[in-house]
Amino acid sequence: MLAIFRKEINAFFSSLIGYIVIGIFLVLMGLVLWVFPEYSVLEGNFANLDTLFSMAPMIFLFLIPAVTMRTFAEEMQTGTIELLVTRPISDWQIVSGKFLACLTLIVFALVPTALYYLTVYNLGAPPGNLDSGGILGSYIGLLFLAAAFAAIGIFASSLTNNQIVAFLLAAFLCFFVYQAFDALSRLPVFFGKTDDIVQAIGIQYHYDSLSRGVLDSRDVVYFVSLIAVFLAATVLSLGRRRW
Numbered sequence: 162m163l164a165i166f167r168k169e170i171n172a173f174f175s176s177l178i179g180y181i182v183i184g185i186f187l188v189l190m191g192l193v194l195w196v197f198p199e200y201s202v203l204e205g206n207f208a209n210l211d212t213l214f215s216m217a218p219m220i221f222l223f224l225i226p227a228v229t230m231r232t233f234a235e236e237m238q239t240g241t242i243e244l245l246v247t248r249p250i251s252d253w254q255i256v257s258g259k260f261l262a263c264l265t266l267i268v269f270a271l272v273p274t275a276l277y278y279l280t281v282y283n284l285g286a287p288p289g290n291l292d293s294g295g296i297l298g299s300y301i302g303l304l305f306l307a308a309a310f311a312a313i314g315i316f317a318s319s320l321t322n323n324q325i326v327a328f329l330l331a332a333f334l335c336f337f338v339y340q341a342f343d344a345l346s347r348l349p350v351f352f353g354k355t356d357d358i359v360q361a362i363g364i365q366y367h368y369d370s371l372s373r374g375v376l377d378s379r380d381v382v383y384f385v386s387l388i389a390v391f392l393a394a395t396v397l398s399l400g401r402r403r404w
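See the structure below:
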């Protein structure tokens with residue numbers, strides 16, 4: 162698994178992929194937080210990073226599929242997947258190595274946003290008048306969200322040898338699992354009856370819960386289970402090549 166992880170990390174940073182992903186994310190978040198008046202922290206009355214945690218999922222919906230689209234689609238397109246699966250490593254190790262590499266790249270993109278926290282921390286009146294516990298919980302929620310999107314993206318990439326198709330499929334699945342259940346819960350057939358259950362199936366419900374700074378074990382179990390399901394589905398998708 163470590164060999165796969167190192168291979169993927171080297172592939173990200175030996176080309177422009179890793180730098181482009183990190184750069185696009187930071188530029189977009191910088192514009193949203195400091196430039197666009199309707200979202201800017203400077204235009205608000207409170208020192209917080211709510212804009213970061215509300216807009217980051219929208220950016221991740223497209224950015225993470227762009228990272229994961231090549232994981233297996235490129236291997237299938239070039240024929241190296243046959244060489245990879247015949248190595249003395251299990252499918253789980255292959256999938257786990259690629260998943261951890263994608264997640265590591267996303268973490269690298271999130272680390273510089275600590276500068277945003279320090280800036281807002283000093284903008285408070287008095288300086289430090291900031292809910293640091295809530296921000297920490299929001300970062301944990303954002304990390305779980307990124308991991309879930311990465312697992313979905315890798316699964317989508319394992320279904321096709323076309324990277325564009327993998328990107329579109331991953332973006333659709335991420336959007337569906339993130340927002341669709343919240344919208345479905347408002348339908349007359351569910352509203353006032355089982356709308357809470359329908360909402361709880363989607364990612365947004367649990368992400369919003371973590372973003373409030375409350376680390377609920379139910380939310381953690383949900384994200385871990387969702388990630389495990391899509392990684393297991395990816396392993397099965399690889400296994401079909403042997404069938």
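Using the working numbering, the letters of the sequence shown map in sequence onto residues 162 to 404.
Every residue gets a Cβ at the ideal spot worked out from N, C-alpha and C, and that includes glycine.
As the structure is a computational prediction, the values presented were derived from the model and not from experiment.
Remark: C-beta atoms of T212 and V188 do not approach each other more closely than 8 Å.
Residue state for D377 is assigned as coil, using DSSP reduced to three classes.
Of all alpha-carbon atoms in M219, F223 and T232, the one lying nearest the alpha-carbon of F173 is that of T232. Taking one beta carbon from each stretch, the segment 295–305 and the segment 364–382 have 3 or more pairs nearer than 8 Å; the two touch.
Here DSSP, grouped into helix, strand and coil, assigns T274 to helix.
Secondary structure of S175 (DSSP, three-state): helix. Annotated three-state conformation of N283 is helix, per DSSP.
Each residue's CA atom was taken as its position, placing L297 and N283 some 17 Å apart. Rounded to whole angstroms, V268 and I181 show a C-alpha spacing of 14 Å. In chain order, N209 and G374 place their CB closer than 8 Å to the CB of D292, counting only its own chain and leaving out the 5 sequence neighbours on each side. Annotation: I313 to L244 spans about 24 Å, alpha carbon to alpha carbon.
Where F214 is concerned, the enclosing alpha helix (DSSP H) starts and stops at D211 to T229. The C-alpha of T395 lies about 14 Å from the C-alpha of L330.
Here L387 has A309, A312, V338 and I364 as same chain residues with Cβ atoms under 8 Å from its own Cβ, once five neighbours each way along the sequence are excluded.
Proximity to F384 across F336, L306, I358 and A341 peaks at L306, based on C-alpha coordinates. Around the beta-carbon of S398, 16 or more other beta-carbon atoms lie within 10 Å, marking it buried. Under a 10 Å Cβ-count criterion, L177 is classified as exposed, with fewer than 16 other Cβ atoms of the shown protein chains found around its own Cβ. Taking 8 Å as the cut-off, the Cβ atoms of T321 and A234 count as close.
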